[in-house]
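Written out below as structure tokens is the structure these notes cover.
Number of protein chains: 2
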Amino acid sequence: MTSEKINILDKFGKLPAGDYAVGVIAKMNDYEFKIVKFKGDFLWHSHPDTDETFIIMEGTLVMNFRDRKVEVHAGEMIVIPKGVEHKPSSENGYKALLIEPEGVPNTGDVQNEITIAKVEWV
Amino acid sequence: MTSEKINILDKFGKLPAGDYAVGVIAKMNDYEFKIVKFKGDFLWHSHPDTDETFIIMEGTLVMNFRDRKVEVHAGEMIVIPKGVEHKPSSENGYKALLIEPEGVPNTGDVQNEITIAKVEWV
Numbered sequence: 329m330t331s332e333k334i335n336i337l338d339k340f341g342k343l344p345a346g347d348y349a350v351g352v353i354a355k356m357n358d359y360e361f362k363i364v365k366f367k368g369d370f371l372w373h374s375h376p377d378t379d380e381t382f383i384i385m386e387g388t389l390v391m392n393f394r395d396r397k398v399e400v401h402a403g404e405m406i407v408i409p410k411g412v413e414h415k416p417s418s419e420n421g422y423k424a425l426l427i428e429p430e431g432v433p434n435t436g437d438v439q440n441e442i443t444i445a446k447v448e449w450v
Numbered sequence: 329m330t331s332e333k334i335n336i337l338d339k340f341g342k343l344p345a346g347d348y349a350v351g352v353i354a355k356m357n358d359y360e361f362k363i364v365k366f367k368g369d370f371l372w373h374s375h376p377d378t379d380e381t382f383i384i385m386e387g388t389l390v391m392n393f394r395d396r397k398v399e400v401h402a403g404e405m406i407v408i409p410k411g412v413e414h415k416p417s418s419e420n421g422y423k424a425l426l427i428e429p430e431g432v433p434n435t436g437d438v439q440n441e442i443t444i445a446k447v448e449w450v
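Take a look at the structure:
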């Protein structure tokens, strides 16, 4: 833990190329701040033990719920309640700051080929 | 808890006029997202039980530590570690998103006339 400042958008330059990447940029107590970039259709999943927060930095995240969808633009945030099924998607891609407890799996209750075992610091 | 999106900058319009105001805009588990606007010199304090995160939305926060100071600009964030003395200041004012556990007092270990007993939702 340090108290250095972090430029959020600059950190995206540290992520690998591609439509999906995640990296940890800061820790607060047992919570992590992660940057995520994503383009495409993610999978339906939920996080049975925790809420999860997205703060959109660039682009638009379409957050699909079973009964509706919410378009979240740069400068907006959304908290996904614990246990609620959701499917992020984005036609043109988005960059977001993701806040959740350390160790929460990206695919929640689902495990498949895009599940990330451990998100690295960038 | 809902899963509505929140426009962070728009929420500042709900704060009362003046150089210092704080409002809660979202909750994630037992953490709160607060908006804060501040201009001037805050007081030296620390939070003995928790880290605290500032994400700067507009302007510049000068975060003073006992041995140095850090200028945090819009688009940057800083995590103040638990127990570390700090004094926020800003000549021209800043707007920030503040993330910390519910109920953490704004003046930390110090109690005086600017201590806010309970931060209201906006």
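Chains A and B, in that order, give the protein sequences.
First residue of the first sequence? That's 329 in our numbering, and the numbers climb one at a time after it.
First residue of the second sequence? That's 329 in our numbering, and the numbers climb one at a time after it.
The beta-carbon is built from N, C-alpha and C at its ideal position, and this holds for glycine as well.
The model shown is predicted, which means the values in this text are computed figures rather than measured ones.
- What threonine 388 (chain A) touches in chain B, judged by beta-carbon distance under 9 Å, is nothing: the nearest beta carbon there is about 11 Å away.
- For methionine 391 (chain A) and isoleucine 406 (chain B), the gap between their C-alpha atoms comes out near 28 Å.
- Bridge pairing for lysine 423 (chain A): A:Lys365 and A:Glu386 [DSSP].
- Against chain B, the beta carbon of serine 418 (chain A) has no neighbour under 9 Å; the closest one sits roughly 14 Å away.
- From the listed residues A:Trp372, A:Phe382, A:Glu332 and A:Gly431, the smallest Cα separation to methionine 356 (chain B) is found for A:Phe382.
- For phenylalanine 393 (chain A), the closest Cβ of chain B is nearer than 8 Å.
- Within the DSSP secondary-structure output, glutamate 404 (chain A) pairs in a beta bridge with B:Asn335.
- For lysine 355 (chain A), the uninterrupted beta strand (DSSP E) run begins and ends at 348–356, by DSSP.
- By the Cβ neighbour-count rule, alanine 445 (chain A) is exposed, with fewer than 16 other Cβ atoms within 10 Å of its own.
- Under DSSP, no beta-bridge partner is assigned to serine 374 (chain B).
- Considering only beta carbons, the part of the stretch 405–436 of chain A lying closer than 7 Å to chain B consists of Met405, Ile406, Val407, Ile408, Pro409, Val412 and Ile427, in chain order.
- In the structure shown, lysine 342 (chain A) adopts helical secondary structure according to DSSP, grouped into three states.
- A Cβ-Cβ separation of about 17 Å leaves threonine 443 (chain A) out of contact with proline 429 (chain A) under the 8 Å criterion.
- Contact between the stretch 391–402 of chain B and the stretch 346–355 of chain B is not established, with fewer than three Cβ pairs separated by less than 8 Å.
- For lysine 415 (chain A), the beta-bridge partners assigned by DSSP are A:Asn392.
- Proximity of aspartate 347 (chain B) to chain A, defined by a Cβ-Cβ separation below 8 Å, is not satisfied.
- Between glycine 436 (chain B) and serine 374 (chain B), the beta carbon gap of about 5 Å places them in contact (Cβ cut-off 8 Å).
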